[in-house]
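Structure first, commentary second.
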Amino acid sequence: MMLDERYPDLLSGCDDPDTVRLVTDLDRACAATMAPRAALLDAALEEVLRRRGATPPHPTPMSRRHALPRSRRPLLLAAVAILGLVAVGGASATGTLVDRLFSLFVNNDQQAAWTDQGTDLHLAQTACGRTMTLQHAYADANRIIIGYTLSGTGPTLSPHLSTSNGMQLPALDVGSSGSSWSGMSSNVITFDAVHIAHRPGRLDLRLTAAAGGAATCSRTFDFRLAVPFVLGRTLTLNQTIVSEGIAVTLDRVVVTPMETRVYVHTIGKPINEPYLADLTVGGRALESGFNGWTSPMRHVVSDVFSFRSIATEHGAAALTLSWPRIAVGVLSKAQSTSGPWTFHFTVP
Amino acid sequence: MAVHEMSAVWAEGYAAMDDDEALVQAALADLAAFAPLYRRYRDRVYWYIRARTAGDDDATDLTQLVFLRALDALPRYRASKGPFAGWLFRIARNAVIDHRRRSRATITWDLVPAAFQATDAHDPLAGALRQESLDRLRALVTALDADKRELLVLRFVAGLTAAEIAVVIGKGEAATKKMLTRTMQTLKERYHDDAR
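Going down the list, the protein sequences come from chains A and B. Count the first sequence with our numbering and you get residues 683 to 1030, in order. Count the second sequence with our numbering and you get residues 126 to 321, in order.
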C-alpha cells in the first residue's frame, strides 16, 4: 500500500515536502516488524481457541496429506473473499485489480518482483458464459503465482497448473476479491514450484479449470502460457544435528525474490507436534514469508518454513528449530521447550 | 520466526476477509474466525504495548492478555460505539495501565517511551531510527509530551486512524484529529529547523 493510502488524513492533497518527508520518515521508523515471540503468541492463541471448542475449518496439512492424493489438494483450497477493499469492475489507479489484490498480501519487495520479474499475459477464453482472463504471472524456484479475472456467474474455479511434460503442480492458496457468483472476481492463485526439476529461463505451463458446474456445462478453460523463471539461489546444506534422540537435518535453503524457503526433515520427532523456526541473517531475525497468506506446507520428504526473501542479503545465517510446550497465560516464563537445534551457514 | 502448521491453517477460510466487523460477526459464530483478527493486530498491539513497557517479556505476556480479554469481551463489542481497532487498543491501553499499577512499575510511559528510545534490533522505531537522518527525529519525538508521543505511536506504530485513536484515548474524533495535526505540525517545524 502506498504511503498516501496509509496516511490519507496526513497526506491527501498535501504538497508540502516537509510534511511528506516527516510522514515518510515516521513511517520508515515505525515499519511493522513481527513481534519477537510471535510464534509463541500464535501457538497460545490456537491452544486457547482449541480449548474453547473452535473447530478448524480444514484438516491440518498432515491429516489432509494422508486423506487425499496430492493431485486433489487444489480442490480443497478455500477461495477467500476480500470484502469491500478491492472494488470490482474497473482498474485501480495503481494497477490492475489483480495487481491491487496481490499487493494486499505482500511487502514492497514481493510486489516489485511480481511486477518486474513476472509477465503480463492478457489471455482470455470464454466458456459456459464465463470469461477467464489470465492477467499476470510470476514464477520462481519456490512458487508460481497467477493472477486472473473471471466474469460471469458460476461456481468457484479450481485451476490446475501443469508443466509442459504434464507434471501437476500443487496449489498452495487462493486470494479472491468479489465473488464467482457476483459476476466478476479478481483472483491470485499460487502453486508450489518445488517439484520443477528443470529450471529453464522460461517455463512453459498449462492451466486448466472446469468452466462451469458439471450439471450445467462441462467445458474447460485451457491456457498455454510461458512465464520467465526466476532461478534464485539454492544453498544445499545437508547438515544434521542429533539431540534428545531426534535427528534434525537442514536440507537446503532456496532464496528467490518472493521468499526464502527452508527445507528441513526430522527423524524421531513426534509427528503431529508443531514446531518453530527462527532464521537470522546478519544477526537480524527474518519475518515470515507471506504473513499468513500462505498455508503452511509439508512436503513428502521435508517440512518447509517460509521467510521473507533475502535475495539481496549476504552473510552469516543461523536457523534455530524448537518445539515448545505452550503454557497459556505466561508465555515468557512457563514453557518447556525441546531443542533448540541450531544450524549455522553462510549466505554467499 | 515461522511456525509450522499453526494459525495460518486454522484461519484459512477467513484469512483475507477485509472487514473487521465481518470478522467479529464471524468470530461470534465460529471462534476460529478470531484468529485472522488476532493476526491482523498481533504485531501492532505488541509494539504499542512494547512502547509502554520495559521489556519483551512483559510486552509478550500483555499482548496475549489483551487478546484473551478481547476474546472474552467480543460478545459485548458494539460496532456502533466505534471501530474494532479502537476497541482492541483501548483494551491494550487498559492492560498496560493495570500492569503498571500491579507491578508498581518505576518505568513509565513518561520516562521510557521504548518505541522511540530502545536500541535493540526488535524495536520497530529504534531499529529504523539508527540511520543518522532519523536519529534527529527520534530525539524530537522523545522530547514531546507523553500524550503527543502516544498519539504518534497509535498513528504510526499501531497504524490506527484518527477515529480509532479517538476511541482508544477516549476523546472525540475531531479533537483527536486536531491534536494529531498539531503534533505533526510541531514535529515538522522542529524537524525542518533541525535539518538546517
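Glycine included, every Cβ here is placed at the ideal spot set by N, Cα and C.
Could you round the C-beta distance between R194 (chain B) and A220 (chain B) to whole angstroms and report it? I think they count as a contact, below 8 angstroms.
7 angstroms
Straight-line Cα distance separating A959 (chain A) from R980 (chain A):
The predicted model places R980 (chain A) with a pLDDT of 44, which falls under 50 and marks its position as unreliable; any figure quoted below should be read in that light. So the two alpha carbons sit approximately 14 angstroms from each other.
Kindly list the residues whose CB is nearer than 7 angstroms to the CB of R315 (chain B), restricted to its own chain and excluding five residues on each side of it in sequence; keep chain order.
L265
M849 (chain A) versus F873 (chain A): straight-line alpha-carbon distance, rounded
12 angstroms
Excluding the five sequence neighbours on either side, which residues of its own chain have a C-beta within less than 6 angstroms of the C-beta of V870 (chain A), listed in chain order?
L783, F784, G829 and G857
Determine the contact status of V149 (chain B) and G207 (chain B), defining contact as a CB-CB distance below 8 angstroms.
no
Can a CB atom of chain B be found closer than 8 angstroms to the CB of R733 (chain A)?
no
Less than 8 angstroms between C-beta atoms, sequence neighbours within five positions excluded: which residues of the same chain meet that for T185 (chain B)?
Y171
Measuring only the C-alpha atoms, how far is S694 (chain A) from E687 (chain A)?
8 angstroms
L968 (chain A), DSSP secondary structure in three states:
coil
Would you please verify whether the beta carbon of R167 (chain B) is less than 8 angstroms from any beta carbon of chain A?
yes
Using 8 angstroms as the limit for Cβ to Cβ distance, is R825 (chain A) near chain B?
no
Pull up the CB-CB distance for S840 (chain A) and R812 (chain A), whole angstroms please, since I reckon it's below 8 angstroms.
Contact doesn't hold; Cβ gap of about 14 angstroms is too wide.
C-alpha gap between A288 (chain B) and G211 (chain B), whole angstroms:
8 angstroms
Measure from the C-beta of T808 (chain A) to each C-beta in chain B and report whether the shortest distance is under 8 angstroms.
no
Looking at the structure shown, is T838 (chain A) part of a helix, part of a strand, or coil, going by DSSP?
The answer is coil: DSSP assigns T838 (chain A) none of H, G, I, E or B.
Examine chain A for any beta-carbon lying closer than 8 angstroms to the beta-carbon of A264 (chain B), and answer yes or no.
no
Classify R165 (chain B) as buried or exposed, calling it buried when 16 or more other Cβ atoms lie within 10 Å of its own Cβ.
buried
Can you tell me the Cα-Cα spacing of A152 (chain B) and Y202 (chain B), whole angstroms?
12 angstroms
Do you know offhand how far A1000 (chain A)'s Cα is from Q792 (chain A)'s?
23 angstroms
Would you list, in chain order, the members of the stretch 706 to 726 of chain A that have their beta-carbon closer than 9 angstroms to a beta-carbon of chain B?
D707, L708, D709, R710, A711, C712, A713, A714, T715, M716, A717, P718, R719, A720, A721, L722, L723, D724, A725 and A726
Does DSSP classify S844 (chain A) as helix, strand or coil?
strand
Just the chain B side, please: which residues come within less than 7 angstroms of D798 (chain A) by C-beta, in chain order?
What D798 (chain A) touches in chain B: nothing, since even the nearest Cβ is about 24 angstroms away.
By Cβ distance, which residues of its chain are closer than 6 angstroms to I949 (chain A), with the 5 residues on each side in sequence left out?
A929
For F903 (chain A), collect the residues of the same chain with a Cβ closer than 7 angstroms to its Cβ; drop the 5 residues on either side in sequence, then sort them by chain order.
Q807, A809, M814, T890, A891 and A893
What do you get for Q189 (chain B), buried or exposed, if any count of 16 or more other CB atoms within 10 angstroms of its CB means buried?
buried
Below 9 angstroms between beta carbons is the criterion; list the residues of the stretch 289 to 310 of chain B that meet it against any residue of chain A, in chain order.
K302, L305, T306, M309 and Q310
Chain-ordered residues of the stretch 902 to 932 of chain A with a beta carbon less than 9 angstroms from chain B:
none
The stretch 692 to 705 of chain A: which residues have C-beta closer than 7 angstroms to a C-beta of chain B, in chain order?
L692, D700, T701 and L704
In the DSSP output, what is L932 (chain A) paired with across the bridge?
A:Q921 and A:V946
For V730 (chain A), decide whether its Cβ has a neighbour in chain B, counting only Cβ atoms nearer than 8 angstroms.
Cβ-Cβ to chain B under 8 angstroms: yes for V730 (chain A).
Provide the residue span of the alpha helix (DSSP H) that contains A717 (chain A), from first to last.
From DSSP, A717 (chain A) is part of no alpha helix (DSSP H); its letter is neither H nor E.
In angstroms, rounded to a whole number, what distance separates the CA positions of V912 (chain A) and A821 (chain A)?
6 angstroms
8 angstroms is my cut-off, CB to CB: does D181 (chain B) come that close to chain A?
yes
L685 (chain A) versus A794 (chain A) - alpha carbon distance
16 angstroms
Run through chain A and tell me which residues come within less than 8 angstroms of F85 (chain B), C-beta to C-beta.
As displayed, chain B neither begins before 126 nor continues past 321, which places residue 85 (chain B) out of reach and without an answer.
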